[in-house]
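In structure tokens:
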């Protein structure tokens, strides 16, 4: 009985649920400076240099659609997109930080698309972050 009264007293008067949800973070000045530098650089240059695999380059839109369907059928795990740089369409896949990271996927892709090659290009931060997030989830 005494334990019951002590528990009720604790719940009513001593325990404050608003403090249970309160979290305070304190970052060191070095971390804060690095964060500010990152966002400054991101404003100046909203991309990171990286590597992508070029599946094919074509002038014909129908050819582009056919190749993209074939890529999605053969390699559903690879996300693809196409880019138009006058007068050519390019089908790109993957985002890689290092050229050596492209080799495994490039070897697989070349079984279906022998003309595929790796290309150094600008990759938006958001695209690169999404790719890293997916690759970490896969591990």
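Residue numbers (our numbering): 523 to 661.
All residues carry an ideal CB built from backbone N, CA and C; glycine is no exception.
Which value, in whole angstroms, describes the spacing of the CA atoms of residue i and residue j?
i	j	result
residue 576	residue 556	34 Å
residue 601	residue 563	27 Å
residue 645	residue 546	35 Å
residue 593	residue 580	15 Å
residue 567	residue 634	35 Å
residue 590	residue 606	14 Å
residue 615	residue 550	39 Å
residue 553	residue 561	13 Å
residue 548	residue 565	25 Å
residue 627	residue 595	15 Å
On the CB-based measure, 16 or more other CB atoms within 10 Å of its CB, does residue i come out buried or exposed?
i	result
residue 638	buried
residue 578	buried
Any idea which residues DSSP pairs residue i with across the strands?
i	result
residue 649	Note: residue 649 sits in no beta bridge, so no partner.
residue 616	Paired residues: none, contrary to the question.
residue 604	613
residue 552	Residue 552 pairs with nothing; no bridge assigned.
residue 643	572
residue 580	611
Which one of the options has the shortest CA to CA distance from residue i?
i	options	result
residue 585	551, 574 and 613	613
residue 571	587, 617, 633 and 588	617
residue 582	604, 551 and 647	604
residue 643	551, 573 and 650	573
residue 640	610, 596, 565 and 629	629
residue 651	599, 619, 590 and 625	619
residue 649	569, 559, 549 and 587	569
residue 656	587, 599 and 565	599
Report the CB separation of residue i from residue j in whole angstroms; it is logged as a contact under 8 Å.
i	j	result
residue 631	residue 597	7 Å
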